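Take the position in the sequence shown, starting the count at 1, then add 72; the result is the number in the numbering used here. Glycine included, C-beta positions come from ideal geometry on N, C-alpha and C. None of the values given here were measured: they were computed from a predicted structure. Written below as C-alpha cells is the structure these notes are about.
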Amino acid sequence: MNYVLRILSYGLLLLATTGIVFSQAVKVKREAMSPSRRSSGAPNYTAPAGPYYISSGLRVVPKGMKTYLSADTTGSGATPVTSYAWSIATKPTGSAAVMDSTATKMTSFTPDLVGQYIIQVAVNGGVKTSADTLYANTYAGNPSSGLSCGTCHATNNTAWAASVHATMFKRGITGGLEVNSYGKGAYTASCFKCHTTGWEPTVDNGNFGYLAKQSGFDTTWYKTYPLADGDYWIPNGDMTLWNSVTSSTPAMAQVANIGCESCHGPSAGHNGDKTKTAVSLDAGVCLQCHDAPKKHRLGSYWTESSHSNLRLSSSEASRSQCYPCHNGSAFAAYATNKTTPDYTKATVFASIACATCHDPHGNSNKASLRTVEIATLTSGYQVPAGVGGAGQLCMNCHKSRDNAVTKINNQKSKFSDRFYPHYSPQADMYLGANAYEFGLGLTGMMSHGGVKDGCVTCHMSERVNGSSVHADHAMHMKEEVNGVEVDKVEACKECHGNITKFDDIKAVMDYDGDGAIEGAESEVKGLLALLKAKLPLDPTGEPVTMAKDSMVVKNHPQYPGVLPALYNYHFVTHDMSNGIHNTKYAVAILRASLGLVTGIAMDPLPVPTSFELAQNYPNPFNPTTEILFSLPKTSNVKLVIFDVMGRTVATLVDGVKEAGAHRAMWNGRRDDGQGASSGVYFYHIQAEGFTATKKMTLIK
C-alpha cells in the first residue's frame, strides 16, 4: 500500500512539475513609441523615412496613424514562447486594417476607420491567448467657447489653460521661446510636432499637422522671418502669426496647443462616453514629446532612473499596504488629498512616472509638481517650513515608516523581522530626526538645511548634453564614464569648490579616531566599520535584521541596550549616502552608538581643544575653495582675504561663532562682486586673541 501511495505521489508531483514547465502567460501590451525609441538610437537618433507615427500607448488611438503592440509573456517562467499569432478579431464594418506582422513578438497596425478594434495574440499554437480593445477616433480640439472640454471638466480645463502646455505653441510663434539678447525668439517647424495636438500631415483625422498642410500654413508661416542656425527668429511679442491662426483657421486654432487630446487621445464625440477617451499615468504619454533627442532628453534620463521600474513594485503596486509610494497612481491620489486619499481609483501602476510627480493639467507649484510640502515625518517630527524646498515632494516617500523609539521599544518584547527603517529614510537623515538619540537632543541638526531645494538641488542638477539642457531625471549620484563609476559632483561644486569626488569634501575633525582627518564620507564609513565590529551579526556577517537571528542579539553582552546602536547602524546604511545627506547627524548618532557598545563615553560631536586654521582645499583652486577653522569656545571671528599688497579682497566671516569646527567658502570674487584675478592671496583669521595667516593660489 505504501508503495502504491509513493507511486501516486510521484505521479502527482510529475503532473504538477510538468504543469509548471509547460505553463505559459501572455497579455497584449500597448506600446508607446517615442521619437527616441522610433529612431536609430544614440548617438545620431536618425528618424526613419516616412510618416512620423509616434504613439502614446493609450487604448484610444488616432484613426489613420500607426498603433504598436507587443505580446507580454512575463510569468511564463522557463517555458520558451516560440511562436506568436496576431489577428484583428473585431473591426468596424468596411475596415481594411491588417496587422503589419502576424508572427512576431511586437507588431503594429493602422486603424483606417473610426470605431472599435479587438486585437488578439496567441502563443505556441494557441496554448494561451490574450486580447485588447482599442478605439480609433479623430481629433476634436478644445474650442475656447461653446461646447468644449471645459464644459464638463472646468477645474482641470482652467488649470490647463494657464499651463505651459496650453500656451507652448502660442509662445513659440510669438517669439517667446529661447529669446536672445536682441529680443527675438527661436522657432522652427520641427517644434510643431510636440507643441500642438496630433501630428501627421498626410492623415485626415483633425490633427494639427494635417490642418496646417491643408491651409498652407506649414509652407508660409516663416517667410517674413530671418533664418539663422536652423531657427526662424521672431520678435518677442509679435502676434502676427497667432492672430492669423485664430482668425483664418479656427479649426486649426483648436489644436494649436498641447491640448487635452495630446494626453487623452483623440476624443471626437466623447461627450461623456468613456470608451472614446482615455486616462493613463503611464510615462509613454509624456514621452511622445519629452523623449526626443538630441535636444529633448528628459525621457531618456528618466528611463535610467530607479523610478522608471521600481525594483519591488511588480508585487507591491497591487498591495494597498504599500500605497502610495510603490504605486504611481496611488501617489497621485495621495498628493491630491493626503488626509483621506481616494485609493479606489488607483490602478496597478508599478512605476513613478512623470504624472506621478507632475500635474499635467498644471498648477501654481514649481514645474507643476503635485505637492511641494510634507507636514510631518512618521515619527511626528514637524518639518520646518521651507526647508528642502521642492525636495519636500520626495520626502513624502523617502522617509522611514516607523518611529525609531517605538520600534526599538517594541523589539525588546518581541524581535520582529526587518529591524531597520523602511529602506529609504533619506528625509529623516536630511532633517536630522528619528534616529535613536540617547537623550542628547540631536533632533534638527542639519548639514544641508540651507540647500534651497534639498533633494532636487543635488539629485536633479542641470545635465548638459549638446543642445540638451535638463534637470537630471535619472537622479543617480554616480555615473559610468569610460567604464569607470564616478561621483556626480556638479551640484556640490557651488559650495565645495572644484572637487572631483564626494570624498574630496573634508571632514572638520577625525571622527573615527584613526589619526587622520579624511573626507567626510570616509569618516562616516570608518565609524560604521567600528560600530559593525561591536554589533550582533547574522550568518552572512552583517548586523542582524531578521527574527530568525534574534538569539544572536539577545546573547549580546549589551542586550537590550545594543538595540538602539543596531538600529542606528541600519538607519545610516539605509540612507545610502554614507552620511553625505547630513554628516553632522550621522556622525553624532554613530559616535553615541559606539559609546554604548564599547562602554567608552564618546562625545557625539567633539569640541576642538584649540584654535586652528587649516590649509584651504583645493589649493591651487578655480573658482571656489574651502577654508576650515576650529574654535574651542564661542568666539568673535573675523576671516579676511588679502592680496599680496595687503589690500582687503573679501571678508568671509565677521561675527560670533559657536565652539566647534567650521568651514567657510570663497568663490573667487571680491566683496564688490567682481571676479578676483589669478595670483597669490592670503587668508587671515582673528578670534579671541588667536591669529593665523595662510597662503593660497587662484589659477584661472
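For His430, the residue or residues it bridges with in DSSP: Leu441
Identified DSSP bridge partners for Ile713: Looking at the DSSP output, Ile713 bridges to Ala722 and Tyr755.
Reduced DSSP category for Ala97 - H, G, I as helix; E, B as strand; rest coil: coil
Residue burial classification, Lys767 (beta-carbon count within 10 angstroms, cutoff 16): exposed
DSSP bridge partner residues for Lys578 (one or two, in chain order): Gly591
Distance between beta carbons of Pro107 and Ala119, contact taken as under 8 Å: 7 Å
CA nearest to the CA of Val558, picked from Gln188, Arg391 and Lys550: Lys550
Residues near Phe94 in its chain [Cβ-Cβ closer than 7 Å; skip 5 each side]: Since pLDDT at Phe94 reaches only 45, below the 50 mark, its modelled position is unreliable, and the value read off the structure follows with that caveat. Once the five neighbours on either side are set aside, the close Cβ partners of Phe94 are Thr151.
Nearest candidate by alpha-carbon position, reference Tyr631, set Pro608, Tyr282 and Leu449: Pro608
Assigned exposure category for His470 - 16 Cβ within 10 Å defines buried: buried
Which of helix, strand or coil DSSP assigns to Val271: Note on identity: in this sequence residue 271 is Trp, with Val being the wrong assignment. In this structure, Trp271 counts as coil in the three-state DSSP scheme.
Beta-carbon proximity list for Ser519, same chain, < 6 Å, skipping 5 on both sides: Asn654, Thr655 and Lys656
Spatial distance of Ala619 from Thr347 (CA atoms): Each residue's Cα considered, the two are about 51 Å apart.
Of the listed residues Leu635, Gly341, Ser262 and Ser377, nearest to Lys367 (C-alpha basis): Lys367 has its Cα closest to that of Ser262, out of Leu635, Gly341, Ser262 and Ser377.
Coarse secondary structure for His368, derived from DSSP in three states: strand
Three-pair Cβ contact test at 8 Å for the region 302-309 versus the region 181-197: no
Pick from Leu770, Val728, Asp744 and Phe487 that is closest to Ile757, judged by C-alpha positions: Val728
Straight-line gap, Ser750 to Leu770 (C-alpha atoms, nearest Å): 5 Å
Coarse secondary structure for Gly288, derived from DSSP in three states: coil
Buried versus exposed, by CB contacts within 10 Å (16 or more), Gln483: buried
DSSP three-state assignment for Val317, whether helix, strand or coil: helix
Top-ranked residue by Cα proximity to His494, from Ser128, Ser594 and Leu449: Leu449
Beta-carbon proximity list for Asn570, same chain, < 7 Å, skipping 5 on both sides: Pro690, Phe693, Asn694 and Thr696
Val752 versus Ile589: straight-line alpha-carbon distance, rounded: 26 Å
Pro183 classed as buried or exposed, judged by whether at least 16 other C-beta atoms fall within 10 angstroms: buried
Minimum length 4: unbroken alpha helix (DSSP H) runs contained in the region 497-547: 498-503 and 527-531, all fully within the region 497-547.
Burial state of His548 (16 or more Cβ within 10 Å): When all chains shown are included, His548 counts as exposed.
Bridge-paired residues (DSSP) for Arg735: Leu700
Cβ-Cβ distance between Thr268 and Asn343 below 9 Å: no
Spatial distance of Ser159 from Ala175 (CA atoms): 10 Å
When Gly129, Gly147, Gly149 and Tyr502 are compared against Leu141, the one with the closest alpha-carbon: Cα-wise, what sits closest to Leu141 is Gly129.
Cβ shell of Arg663 (< 6 Å), same chain only, five flanking positions each side left out: Met674 and Pro676
Residue of Ala439, Glu376 and Ile446 minimising C-alpha distance to Ser423: Glu376
Own chain residues within Cβ distance below 7 Å of Asn214, not counting five before or after: Ser220, Cys221, Gln326, Gly331 and Cys332
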